[in-house]
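In this note's numbering, the protein residues as written are 349 to 582.
One structure below.
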Amino acid sequence: MINDIFNVNEPRKIVITGVSRGLGRALAEKFVSLGHRVAGCSRNAAAIQQLQEHHPDNHFSMVDVADDSEVCRWSERVMREFGTPDLLLNNAATINRNAPLWKVSAGDFDQVIDVNIKGVANVLRHFVPAMIATGRGVIVNFSSGWGRSAAPEVAPYCASKWAIEGLTKSLAEELPAGLAAIPLNPGVINTKMLQSCFGGDADSYPDAGAWAETAAKFLLRLGPADNGRSLSVE
């Protein structure tokens, strides 16, 4: 990884989806502590209010990424008040309740696809043109170990993350020089999502705060040389 578009000490403008809890919340807190400016979104109104109160110089909004019109309005506010992002992190995701594929309801399946795939596409649609206009920026779409392998009872989630791998690699081939699109496996972290799959076994993995200590620095090192690479947090 060679970041040849940003000075290592340069404050970045960072957009993160899904900041109410888990990886998104931990990253938002860590980036702010490092002196970067963060614009984040979530569907959780209470969490957004708390983040805005704790970090008033940043920009947190209640947004459903599966709703293209909401994402459009949010992107316009962010770029008007905050500027074009240097680092765009598509983290927001949901997972189906553990069940064989044929027992997953149509509504549950739709929810996973709408957030995990369509939500990413919506965010890209409204932020990437401005990043292209500036001639620089890094886009990271959060994949998963289950975007490169498979497991029983989480077929919709696996399908969505395999889709993120393909979507991001295709985007990488469309971007001009100076930008990068990267599908990222964050690793196995003890979050509520992991607990829904692993139960008590999730406790044997690091929590989101500990993960963010490493992940934030990893993300800040990404640059054009990483365009199209399927990476994992080291």
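C-beta atoms are modelled at their ideal positions from N, C-alpha and C, and glycine is treated no differently.
Whole-angstrom distance between residue j and residue i, CA atom to CA atom
i      : j      : result
Ala503 : Leu532 : 19 Å
Ala481 : Pro524 : 10 Å
His402 : Gly388 : 13 Å
Ala394 : Ala469 : 26 Å
Met427 : Met479 : 10 Å
Lys579 : Gln400 : The residue you asked about is not Lys; residue 579 is Leu in the sequence shown. Going from the Cα of Leu579 to the Cα of Gln400 covers about 31 Å.
Gln398 : Leu375 : 15 Å
Ala556 : Val536 : 10 Å
Gly571 : Pro433 : 14 Å
Lys509 : Phe490 : 8 Å
Ala560 : Pro534 : 10 Å
Ile530 : Arg496 : 14 Å
Gly370 : Ala558 : 11 Å
Exposure label - residue i; buried when at least 16 CB within 10 Å
i      : result
Arg473 : exposed
Gly431 : exposed
Ser492 : buried
Lys565 : exposed
Glu358 : exposed
Glu377 : buried
Leu567 : buried
Trp422 : buried
Leu382 : exposed
Gly483 : exposed
Lys361 : buried
Trp450 : exposed
Assigned secondary structure, residue i (DSSP; H/G/I helix, E/B strand, else coil)
i      : result
Val367 : coil
Asp415 : coil
Pro404 : coil
Asn489 : strand
Ala529 : strand
Ile671 : With the chain running from 349 to 582 in the structure shown, residue 671 is simply not present.
Arg373 : helix
Ile362 : strand
Ser587 : Because the chain in this structure spans residues 349 to 582, residue 587 falls outside the shown range and cannot be described.
Arg569 : coil
Leu579 : strand
Arg425 : helix
Arg385 : strand
Counterpart residues of residue i in DSSP-defined beta bridges
i      : result
Met410 : Ser390
Asn438 : Asn489
Asp456 : BP columns for Asp456 are empty, so no partner.
Best match in the options for proximity to residue i [C-alpha to C-alpha]
i      : options                        : result
Glu418 : Arg445, Lys361, Thr442, Ser390 : Ser390
Tyr505 : Ile512, Ala414, Asn444, Val411 : Asn444
Thr365 : Val486, Ser409, Arg577, His384 : Ser409
Val471 : His407, Val488, Gly483         : Val488
Lys517 : Gly526, Gly576, Gly467, Val380 : Gly576
Contact test: residue i Cβ vs the ligand HEM heavy atom, cutoff 7 Å
i      : result
Pro504 : This structure lacks the ligand HEM, and indeed carries no ligand of any kind.
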